[in-house]
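Novice:
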Amino acid sequence: MSTPERIVIIGASLAGGSAALALREQGYDGDLTVIGEEPHRPYERPPLSKSVLLGDAEEPDWVGEESFWADRATLVTGTVATSIDPGRKVVSAGGREHAYDKLLIATGSAPRRLDLAGADLDGVGTLRTYDDSLALRARFTEGAQVVIVGAGWIGCETAAAARKHGAQVTMLDPLSAPLVRVLGDQVGSAFAALHREHDVDLRLGVGVTGFAGDDAVSEVRLAGGATVPADTVVVGVGAIPNIALADAAGLELAAGGIAVDAALRTSDADIYAAGDVAAHDHPFYAERVRVEHWANALEQGKHVAANLLGESRPYELRPFFFSDQYDLGCEYRGLADPARDRLVIRGDLEAREFIAFWLRDDHVAAAMNVNAWDDGDALTELVESRRPVSVDDLVSGSLG
Ligand SMILES: Cc1cc2nc3c(=O)[nH]c(=O)nc-3n(C[C@H](O)[C@H](O)[C@H](O)COP(=O)(O)OP(=O)(O)OC[C@H]3O[C@@H](n4cnc5c(N)ncnc54)[C@H](O)[C@@H]3O)c2cc1C
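In terms of the UniProt record's numbering, the sequence shown has 369 at position 369, counting the first letter as 1, and numbering is strictly consecutive.
#1: Does the separation of the CB atoms of Ala159 and Met171 fall below 8 Å?
#2: Please work out which residues of its chain come closer than 6 Å, Cβ to Cβ, to Ala177, disregarding the five sequence neighbours upstream and downstream, and give them in chain order.
#3: Over what stretch of residues does the alpha helix (DSSP H) that includes Ala161 continue unbroken?
#4: Please state whether the Cβ-Cβ distance between Ile7 and Ala81 is less than 8 Å.
#5: Under 8 Å by Cβ, that's how I've got Glu219 and Gly213 pegged, so tell me the actual separation to the nearest angstrom.
#6: Would the C-beta of Ile10 count as close to ligand 1, meaning under 7 Å from any of its heavy atoms?
#7: Take every Cβ of the region 112-120, pair it with every Cβ of the region 23-34, and state whether three or more of those distances are shorter than 8 Å.
#8: To the nearest angstrom, how far is the alpha carbon of Val63 from that of Leu54?
#9: Going by CA-CA distance only, name the one from Trp153, Arg203, Arg288 that's closest to Phe321.
#10: Using 8 Å for Cβ pairs, my map puts Asp276 next to Glu292. What's the rounded Cβ distance?
#11: Would you say the beta carbon of Phe322 is closer than 7 Å to some non-hydrogen atom of ligand 1?
#12: Which runs of the alpha helix (DSSP H) fall wholly inside the region 26-73 and span at least 4 residues, in chain order?
#13: Judging by CA-CA distance, which residue of Gly236, Ala239, Arg288, Ala223 is the nearest neighbour of Leu253?
#14: Between Leu179, Ala269, Glu157, which lies nearest to Val169 when the distance is taken from Cα to Cα?
#15: What are the start and end residues of the beta strand (DSSP E) that includes Phe320?
#16: Tell me the rounded alpha-carbon separation between Gly347 and Ser13.
#17: Just the C-alpha distance for Gly376 and Tyr332, rounded to the nearest angstrom, thanks.
#18: Excluding the five sequence neighbours on either side, which residues of its own chain have a C-beta within less than 8 Å of the C-beta of Pro388, listed in chain order?
#19: Does DSSP put Asn369 in a helix, in a strand, or in coil?
#20: With distance defined between alpha-carbon atoms, name the residue in Phe284, Ile84, Gly108 nearest to Arg128.
#21: Determine, using beta carbons only, whether Ala22 and Gly310 come nearer to each other than 8 Å.
#22: How many angstroms separate the CA atom of Ala19 from the CA atom of Glu58?
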């Protein structure tokens, strides 16, 4: 097993940045080049819809100190990698070629856009980058008319931030409850109540047909002919993995992302992928898992470093994510399908102090604690062990 002399990382965000930090921590002293499209050094995105958007922070949390990026890696910002040639082992970016012995693709995902009339009007946008967050914050003023399309995590957190700034907020979703695909109707309804109590005009079962205005957006058009006045529209309808480079290079794709084995290696033995873009052959799950969450990008980035250096360690952590909206905080562990798994609630759903369990057969496939912070380790153990549990214990007995 020989140590590579040149490692190139495409994507200067959480997965790519964490991998670079871990490589140096593990003693790698060869060439390390990180190529990123954005103008900034790597940063974490959760604050973009929370502290930065709320005005509680001016900057996101950075991945690595400025001195790390100045002294210990070659960070090429504002530059798009345009192709990978796996035969010659080079990445083209910014008009030059970067040779590699091992390559990590950490290109993440991009917001899904709506192919509707008026979607390119000024004032219609998405939230993915630090610059998007600052631009939206400037528009979230007292009395501004903000329409959010999509009641998923980003939509819900953005609604909370806009309300904090005193904007009038309408949130639209074609489905029956916020977050329904992840949480199902019953738990999703608790989030509906939360937003309505904070004076969000939440309209469910509503489709958007387009946006209208002269130069800037002034209204959102709904199926059935109704309109909603708007000076800012945030489209939060999911994200699409950035797989074009990998696809053009002939790498195997799966589950919408780049297919990687348990050790995060692609179909090319010298190319790895991590974070949002990686469709992982997870040792714990029967299906490929592609996770669009902070913890996954952080941990896979750290984990893949050893494998870039010649190890072949499987990545085994279960999915984990968190959200904060108004005074509600939650953490979700595991992977469930609310359409298939049985929901069990411990605590008070209406008061929004509860733990939701999704049971598959006799074990916990996923658990989410909402404003309940004492049982994190027990929930991790339940999800990881897959041990048989009784509904009575989950509702009111011991979790340990
Ligand atoms: C507003 C917001 C809030 C979030 N909040 C939470 C949260 O509360 N909890 C949670 O668990 N998760 C949250 N997430 C999700 C989490 O941030 C992502 O899962 C994580 O950022 C994924 O990291 P990544 O490094 O895989 O990809 P990304 O963060 O998408 O980074 C990929 C980087 O690669 C760059 N890139 C792409 N193609 C190229 C190319 N060809 N050449 C050069 N560079 C390229 C992109 O510009 C980008 O900078 C949030 C996401 C957003 C947008």
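Note that the Cβ used here is the ideal one computed from N, Cα and C, for glycine as well.
On a predicted model such as this, the values are computed, not experimentally measured, just so you know.
Specialist: By the coordinates alone:
#1: Here residue 159 is taken as the residue at index 159 of the sequence shown, counted from 1. Here residue 171 is taken as the residue at index 171 of the sequence shown, counted from 1. A contact, by the Cβ cut-off of 8 Å.
#2: In the sequence shown, the residue the question calls residue 177 occupies position 177. These residues qualify, in order along the chain: Asp185, Gly188, Ser189, Ala192.
#3: The residue labelled residue 161 in the question sits at position 161 within the sequence shown. Start and end: 153-164.
#4: For the purposes of this step, residue 7 is taken as residue 7 along the sequence shown, with counting starting at 1. For the purposes of this step, residue 81 is taken as residue 81 along the sequence shown, with counting starting at 1. Cβ distance not < 8 Å, so Ile7 and Ala81 don't count as in contact.
#5: Start at 1 with the first residue of the sequence shown, and residue 219 comes out as number 219. Start at 1 with the first residue of the sequence shown, and residue 213 comes out as number 213. At roughly 7 Å, the Cβ-Cβ gap stays under 8 Å, so Glu219 and Gly213 are in contact.
#6: For the purposes of this step, residue 10 is taken as the residue at position 10 of the sequence shown. Ile10: yes, Cβ under 7 Å from ligand 1.
#7: no
#8: Taking the first residue of the sequence shown as position 1, residue 63 is located at position 63. Taking the first residue of the sequence shown as position 1, residue 54 is located at position 54. Computed Cα separation, rounded: 21 Å.
#9: Locating residue 321 in the sequence shown gives position 321, counting from the first residue. For Phe321, the nearest C-alpha among the options comes from Trp153.
#10: For the purposes of this step, residue 276 is taken as residue 276 along the sequence shown, with counting starting at 1. For the purposes of this step, residue 292 is taken as residue 292 along the sequence shown, with counting starting at 1. Indeed, because the Cβ distance is near 5 Å, the residues count as touching under 8 Å.
#11: To locate residue 322, count along the sequence shown from 1; it is residue 322. Yes, Cβ of Phe322 sits closer than 7 Å to a heavy atom of ligand 1.
#12: 51-54, 66-71
#13: As a first step, residue 253 is located in the sequence shown; it is residue number 253 there, counting from the start. Nearest option by C-alpha distance: Arg288.
#14: Counting from one through the sequence shown, the residue named residue 169 turns up at place 169. Nearest option by C-alpha distance: Glu157.
#15: Translated into positions along the sequence shown, residue 320 becomes position 320. Per DSSP, Phe320 belongs to the beta strand (DSSP E) from 320-325.
#16: Position 347 of the sequence shown holds residue 347. Position 13 of the sequence shown holds residue 13. Roughly 37 Å separates the two Cα atoms.
#17: Mapped onto the sequence shown, residue 376 falls at position 376. Mapped onto the sequence shown, residue 332 falls at position 332. Cα to Cα, Gly376 sits roughly 10 Å from Tyr332.
#18: Indexing the sequence shown from 1 puts residue 388 at position 388. Excluding residues within five positions, the ones whose Cβ falls inside 8 Å are Asp362, His363.
#19: Your numbering for residue 369 matches position 369 in the sequence shown. If DSSP states are grouped into helix, strand and coil, Asn369 belongs with the strands.
#20: For the purposes of this step, residue 128 is taken as the residue at position 128 of the sequence shown. The shortest C-alpha separation from Arg128 is found at Gly108.
#21: Position 22 of the sequence shown holds residue 22. Position 310 of the sequence shown holds residue 310. It is not a contact, given that the beta carbons lie outside the stated cut-off.
#22: As a working mapping, residue 19 is identified with position 19 in the sequence shown. As a working mapping, residue 58 is identified with position 58 in the sequence shown. In a straight line, the C-alpha of Ala19 is about 26 Å away from that of Glu58.
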